[in-house]
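Accompanying notes for the structure given below.
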Amino acid sequence: MAVDTLEQAESSTLSLDVEAVRRDFPILSRTVHGKPIVYLDNAATSQTPIPVIDTIRRYYLEENSNVHRGVHFLSQVATEKYEAARRRIATFLNSPVGCEVIFTRGTTDGINLVAQTYGRQHVGAGDEVLVSHLEHHSNIVPWQMLCEEKGARLRVIPINDRGEIIMESLDGLLTGKTKILALAHVSNALGTVNPVKEIIARAHERDIPVLLDGAQSAPHMPIDLKDLGADFFACSGHKMYGPTGIGILHGRAKVLNAMPPYQGGGDMIMSVSFEKTTFNSLPYKFEAGTPNIEGVIALGAAVDYLEHLGMDNIAAHERDLVAYATEALREVKGLTIIGTAKAKAGVISFVMESAHPHDIGQILDDEGVAIRVGHHCAQPVMARFGIPATARASFAAYNTRDEIDALVRALHKVNEVFG
Amino acid sequence: MADSRSLYEQVILDHNKKPRNFGKIENADAEIEGFNPLCGDHFTIYVKMEGDRIREVAFDGAGCAISKSSASIMTTTLKGKTIEEAKKIFEAFHQMVTSAPDAEFDADALGKLQVFSGVREYPVRIKCATLAWHALVAALEGQTEEPVTTE
Ligand SMILES: Cc1ncc(COP(=O)(O)O)c(C=O)c1O
Numbered sequence: 020m021a022v023d024t025l026e027q028a029e030s031s032t033l034s035l036d037v038e039a040v041r042r043d044f045p046i047l048s049r050t051v052h053g054k055p056i057v058y059l060d061n062a063a064t065s066q067t068p069i070p071v072i073d074t075i076r077r078y079y080l081e082e083n084s085n086v087h088r089g090v091h092f093l094s095q096v097a098t099e100k101y102e103a104a105r106r107r108i109a110t111f112l113n114s115p116v117g118c119e120v121i122f123t124r125g126t127t128d129g130i131n132l133v134a135q136t137y138g139r140q141h142v143g144a145g146d147e148v149l150v151s152h153l154e155h156h157s158n159i160v161p162w163q164m165l166c167e168e169k170g171a172r173l174r175v176i177p178i179n180d181r182g183e184i185i186m187e188s189l190d191g192l193l194t195g196k197t198k199i200l201a202l203a204h205v206s207n208a209l210g211t212v213n214p215v216k217e218i219i220a221r222a223h224e225r226d227i228p229v230l231l232d233g234a235q236s237a238p239h240m241p242i243d244l245k246d247l248g249a250d251f252f253a254c255s256g257h258k259m260y261g262p263t264g265i266g267i268l269h270g271r272a273k274v275l276n277a278m279p280p281y282q283g284g285g286d287m288i289m290s291v292s293f294e295k296t297t298f299n300s301l302p303y304k305f306e307a308g309t310p311n312i313e314g315v316i317a318l319g320a321a322v323d324y325l326e327h328l329g330m331d332n333i334a335a336h337e338r339d340l341v342a343y344a345t346e347a348l349r350e351v352k353g354l355t356i357i358g359t360a361k362a363k364a365g366v367i368s369f370v371m372e373s374a375h376p377h378d379i380g381q382i383l384d385d386e387g388v389a390i391r392v393g394h395h396c397a398q399p400v401m402a403r404f405g406i407p408a409t410a411r412a413s414f415a416a417y418n419t420r421d422e423i424d425a426l427v428r429a430l431h432k433v434n435e436v437f438g
Numbered sequence: 399m400a401d402s403r404s405l406y407e408q409v410i411l412d413h414n415k416k417p418r419n420f421g422k423i424e425n426a427d428a429e430i431e432g433f434n435p436l437c438g439d440h441f442t443i444y445v446k447m448e449g450d451r452i453r454e455v456a457f458d459g460a461g462c463a464i465s466k467s468s469a470s471i472m473t474t475t476l477k478g479k480t481i482e483e484a485k486k487i488f489e490a491f492h493q494m495v496t497s498a499p500d501a502e503f504d505a506d507a508l509g510k511l512q513v514f515s516g517v518r519e520y521p522v523r524i525k526c527a528t529l530a531w532h533a534l535v536a537a538l539e540g541q542t543e544e545p546v547t548t549e
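Line by line, the protein sequences are chains A and B. Mapping of the first sequence onto this note's numbering: residues 20 to 438, in sequence order. Mapping of the second sequence onto this note's numbering: residues 399 to 549, in sequence order.
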């Protein structure tokens, strides 16, 4: 089996009181089509706990103001909360000394920032940008656009039939021409956890910087950027119990300082005249315009919430769910799991003989079970497995084994309708 | 309350399982691909004409139950129809699936195609229901160079 045995997994989940966690997420007690909702689309967007909702509410009731600009009371409160969130997030990621947290709109925005600044500065004609076959479109397209513009070449680390990176291929792909490696920490389509520490070390042996797409890792496992040594790390608030429209880009100050700004405007400048503009220091240089203040402060609360649950506890609980679901899905006739990596986070992709993923999703919705169907913004992964789409169940701290049983019952219905 | 039993009529499930006119027509007069990148539905439609009349129409490829059964019922409906008649039926069909759930539709013109009226409750499935039709109409209009996509 791809994960710990059930007994082992079970004993490790005792520290998460899932019923208490569920009470923190009011949306989980609503019904859909008259059935209790079973929300298994967390890899797309996670739900929001009361402390985060309350933080947003309080912000607008008591704190709303622009940041970094006012001498008045509210502006100082908003600025202090905004910067406190930045410090908490740095701690959450175990950000090493000399690094910066920059607020973005999300993972996509963070990757585009790096491609458009660091990328345009360092990638030239004949150079190479390296990605893996597991990437989300948002970690392919920005690099493709850059390569197109510069006459550079996008190269791809292959994966095996289990959906794991073929490590032996790395030596041939990390070359003198490689200017950056952009890699998913965890695959959103298959759940594969990549051995990123080793890959980063191998890239660094050749002085190749690495951008980690942490969209699917930051919400589900402890992130230790000091240990990993990634040059850039990007993630999204809305997948980590925070709001939409806010994300994090983490990078080394030395590198960020040498990069040109991404967008021009207010906040990112020190002084402006018509002759010359001096850019602001980090992190403000990359935060042009009034930021998503509410989003940043709420993301700080989301990170507090994640830490309150404990990232190790969350990881253990989700491991249990993946192990349990992997077993339970065996019962469903004609179902094949796509992505059977040894190291797998809380994502299970599958196809069924009787029904197309679109039809699976439709029948499940009748039963109140929310999953994602389609290509998951990872068409190259689908192509690698020779399928147009999959159905995907993805887990969070508030999901239960009972919900997986509900998923399995709904999948039996799919076979009844289409079998 | 939505219940996809209203979407998956028995006729639809039957055509999904046993699609009619499924396969390639050799020496087709027109051959065109229809592609829905969002869900990966991918069909090829083949047409053989006799003057301005559709003598044979068939399809192959893969997709969800709605797109596949729609392609299948389309072929059984349009066999023997003139281009003008086919376009009229498509218009009525398109109008039905894109209308409000309680809107009236031309039952006489639609015949068996009425089984797709449930699609009106599921706007994301409209593209599934119309994919093969868009491809066929493009083929009838002689636009067979580029695959037809729903995006
Ligand atoms: C692995 C991965 N990378 C990037 C993204 C893009 O994140 P966002 O849409 O929040 O920018 C996602 C989200 O779907 C993802 O799963």
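Note that CB positions come from ideal geometry on N, CA and C, so glycine has one too. None of the values given here were measured: they were computed from a predicted structure.
*Using only the heavy atoms of ligand 1, determine whether one of them is closer than 7 Å to the beta carbon of T127(A).*
T127(A): yes, Cβ under 7 Å from ligand 1.
_Counting only Cβ pairs nearer than 9 Å, list the residues of chain B close to M240(A)._
One finds nothing in chain B with a Cβ atom closer than 9 Å to the Cβ of M240(A); even the nearest lies about 30 Å away.
*From G233(A), E38(A), E168(A), pick the residue whose C-alpha is nearest to that of T211(A); which is it?*
With respect to the C-alpha of T211(A), the residue from G233(A), E38(A), E168(A) having the closest C-alpha is G233(A).
*asked:* Once DSSP output is grouped into helix, strand and coil, what is the label at L193(A)?
replied: If DSSP states are grouped into helix, strand and coil, L193(A) belongs with coil.
*Between the segment 406–420 of chain A and chain B, which residues of the former have a C-beta closer than 8 Å to a C-beta of the latter?*
Listed in sequence order: I406, P407, A408.
*asked:* Residues in the same chain with beta-carbon distance under 6 Å from F503(B), minus the five sequence neighbours each way, listed in chain order, please.
replied: So the qualifying residues of the chain are M494.
*Under 8 Å between C-beta atoms, does L529(B) make it to chain A?*
L529(B) does not count as touching chain A.
*What residues in the segment 387–405 of chain A bring their beta carbon closer than 9 Å to a beta carbon of chain B?*
Flagged, chain order: V392, G393, H394, Q398, M401.
*Using 7 Å as the cut-off, classify the Cβ of S255(A) as near or not near the heavy atoms of ligand 1, replying yes or no.*
Checking the Cβ of S255(A) against ligand 1 gives yes.
*Of all the residues that make up the segment 134–167 of chain A, which are near chain B by a beta-carbon distance shorter than 7 Å?*
Within the segment 134–167 of chain A, no residue qualifies.
*Looking at N158(A) and ligand 1, is the gap between the Cβ and the nearest heavy atom below 7 Å?*
Using a cutoff of 7 Å, the CB of N158(A) counts as near ligand 1, since one of the ligand's heavy atoms is closer than that.
*asked:* Which residues of the segment 374–387 of chain A have a Cβ closer than 8 Å to any Cβ of chain B? Give them in chain order.
replied: Flagged, chain order: A374, H375, P376, H377, D378, Q381, I382, D384, D385.
_Residues in the same chain with beta-carbon distance under 8 Å from R391(A), minus the five sequence neighbours each way, listed in chain order, please._
Cβ within range, chain order: D60, A62, A63, G380, A410, R411, S413.
*Which full runs of the alpha helix (DSSP H) of 4+ residues lie inside the segment 372–437 of chain A, going along the chain?*
For the segment 372–437 of chain A, whole alpha helix (DSSP H) runs of length 4 or above, ordered along the chain, are 376–385, 398–403, 420–437.
*As assigned by DSSP and simplified to three states, the class of T548(B)*: Secondary structure of T548(B) (DSSP, three-state): coil.
*Nearest to L231(A) by alpha carbon, out of K432(A), I267(A), L328(A), T263(A)?*
Closest by alpha carbon: I267(A).
*Indicate, with yes or no, if ligand 1 has a heavy atom lying under 7 Å from the CB of N3(A).*
Only positions 20 to 438 of chain A appear in this structure, which leaves residue 3(A) out of reach.
_What does DSSP give as the partner residue(s) for R174(A) in the beta ladder?_
DSSP lists L149(A) as partners of R174(A).
*Under a three-way DSSP split, which group does P262(A) fall into?*
P262(A) falls in the coil class under three-state DSSP.
*Could you tell me if E337(A) is buried or exposed, where buried requires 16 or more neighbouring beta carbons within 10 angstroms of its beta carbon?*
By the neighbour-count rule (16 or more Cβ atoms within 10 Å), E337(A) is buried.
*Straight-line Cα distance separating L244(A) from E326(A)*: Cα to Cα, E326(A) sits roughly 16 Å from L244(A).
*Is the CB of F437(A) under 8 Å away from at least one CB in chain B?*
Yes, contact with chain B.
_Segments of 4+ residues assigned as alpha helix (DSSP H) that fall wholly inside the segment 306–349 of chain A_ = Those alpha helix (DSSP H) runs which fall completely within the segment 306–349 of chain A and span 4+ residues are 312–328, 330–348.
_So for V445(B), helix, strand or coil by DSSP?_
In the structure shown, the three-state DSSP call for V445(B) is strand.
*Apart from the five residues just before and just after I423(B), which ones in its own chain have a Cβ nearer than 6 Å to its Cβ?*
Result list for I423(B): Y444, K446, E454, A456, in chain order.
*asked:* Measuring only the C-alpha atoms, how far is I219(A) from F252(A)?
replied: I219(A) and F252(A) have their alpha carbons spaced roughly 12 Å apart.
*Got a sec: does ligand 1 put a non-hydrogen atom nearer than 7 Å to the Cβ of H155(A)?*
In this structure, ligand 1 has a non-hydrogen atom nearer than 7 Å to the beta-carbon of H155(A).
_First through last residue of the alpha helix (DSSP H) which encompasses A460(B)_ = Per DSSP, A460(B) lies in no alpha helix (DSSP H) segment; the continuous beta strand (DSSP E) that holds it begins and ends at 451–460.
*Can you pull the chain A residues whose beta carbon is under 7 Å from the beta carbon of D458(B), in chain order?*
Ordered by position in chain A, no residue passes the 7 Å Cβ test against D458(B), which lies about 15 Å from the chain.
*Evaluate contact between the segment 292–302 of chain A and the segment 158–173 of chain A, counting only Cβ atoms and requiring at least three cross-stretch pairs below 8 Å.*
With a cut-off of 8 Å on Cβ pairs, the segment 292–302 of chain A is not in contact with the segment 158–173 of chain A, counting fewer than three such pairs.
_D339(B) at chain A interface by Cβ criterion, 8 Å_ = Absent from the model: residue 339(B). The displayed extent of chain B is 399 to 549, so no value can be given.
_Q235(A), buried or exposed, once every other Cβ within 10 Å from all chains shown has been counted against 16_ = With at least 16 other beta carbons inside 10 angstroms of its own, Q235(A) counts as buried.
*On the DSSP bridge assignment, give the partners of K54(A) in chain order.*
K54(A) has V51(A) as its beta-bridge partners, per DSSP.
_Given this structure, state the Cα-to-Cα distance separating K273(A) from C118(A), to the nearest angstrom._
Going from the Cα of K273(A) to the Cα of C118(A) covers about 8 Å.
_C-alpha gap between T419(A) and A428(B), whole angstroms_ = Between T419(A) and A428(B), the C-alpha separation is close to 53 Å.
*Buried or exposed: N207(A), going by 16 or more other Cβ atoms within 10 Å of its Cβ?*
Around the CB of N207(A), 16 or more other CB atoms lie within 10 Å, so the residue is classed as buried.
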